[in-house]
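Before any comments, here is the structure.
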Amino acid sequence: ETGVTQTPRHLVMGMTNKKSLKCEQHLGHNAMYWYKQSAKKPLELMFVYNFKEQTENNSVPSRFSPECPNSSHLFLHLHTLQPEDSALYLCASSQNPTGGLYEQYFGPGTRLTVT
Amino acid sequence: GDSVTQMEGPVTLSEEAFLTINCTYTATGYPSLFWYVQYPGEGLQLLLKATKADDKGSNKGFEATYRKETTSFHLEKGSVQVSDSAVYFCALPGAGGTSYGKLTFGQGTILTVHP
């Protein structure tokens, strides 16, 4: 596999469930990102990890919990979500952003529906 | 703070028509500028970029010129194809410090091209 992969591609969960989204990059990058894409709203950056360290938490509610065990994998753990959390969740990766301006490569996203 | 404003969509064109999608930005200094494209069911891909004033980015027949005096980066294509149907995002990268790795996106413009 190449590029950035995300699983599952679609997820339906109840408000009391706990689930996790997975992202894997095969590009040798050091930085990984979670974005939320909602209808009629701009893409929102949620979290940034650089060399496995979280460098950005964009005021995301604690019901979203990221985990980055290594530079190739990124998880987003979900619990007690609300219907307004339904969205497309996109993962991206790039070279170390502090080293210059590098393109971000995006995965296809996980379409999340909270019922 | 940084912001990006794109023209409201959706935009519907016939094949071979001329395309313009407007993008203006507010930022400190003179940042690089990007256009990303999202085809149906896929993640975002970098379409083109410009790194300094008066630069012209181009790719797949699309062009955009970085206009410092009007703080604009409008996307153009002389003759669109059905395969260009997608969502187009103008984006502004963070300039440094705690902004490293942060992309600010416009709200996206949906383009539909009919045969």
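As given, the protein sequences belong to chains H and D, one line each in that order.
Residue numbers are given in the working numbering: position 96 of the first sequence equals residue 454, and the series is strictly consecutive.
Residue numbers are given in the working numbering: position 77 of the second sequence equals residue 173, and the series is strictly consecutive.
Glycine is no exception: its CB is placed at the ideal position from the N, C-alpha and C atoms.
Shown here, H:Pro427 sits in a strand according to DSSP, grouped into three states.
Annotated as proximal: D:Gly204 and D:Phe185, with beta-carbon spacing under 8 Å. For H:Gly386, there are no neighbours in chain D by C-beta distance under 7 Å, as the nearest C-beta there is about 17 Å away.
Excluding its 5 nearest sequence neighbours in each direction, D:Thr122 has C-beta neighbours in its own chain below 6 Å: Ser99, listed in chain order. The residue from D:Ala146, D:Leu188, D:Val176 with its alpha-carbon nearest to that of D:Glu111 is D:Val176. At a cut-off of 8 Å between C-beta atoms, D:Glu172 does not count as an interface residue with respect to chain H. If you look at H:Ser451, you'll find it in the beta strand (DSSP E) that goes 445-452.
If you check the CB distance, H:Tyr463 and H:Gly361 come in under 8 Å. Unbroken beta strand (DSSP E) stretches of 3 residues or longer found wholly inside the segment 369-434 of chain H: 376-383, 389-395, 402-408, 411-415, 422-428, given in chain order.
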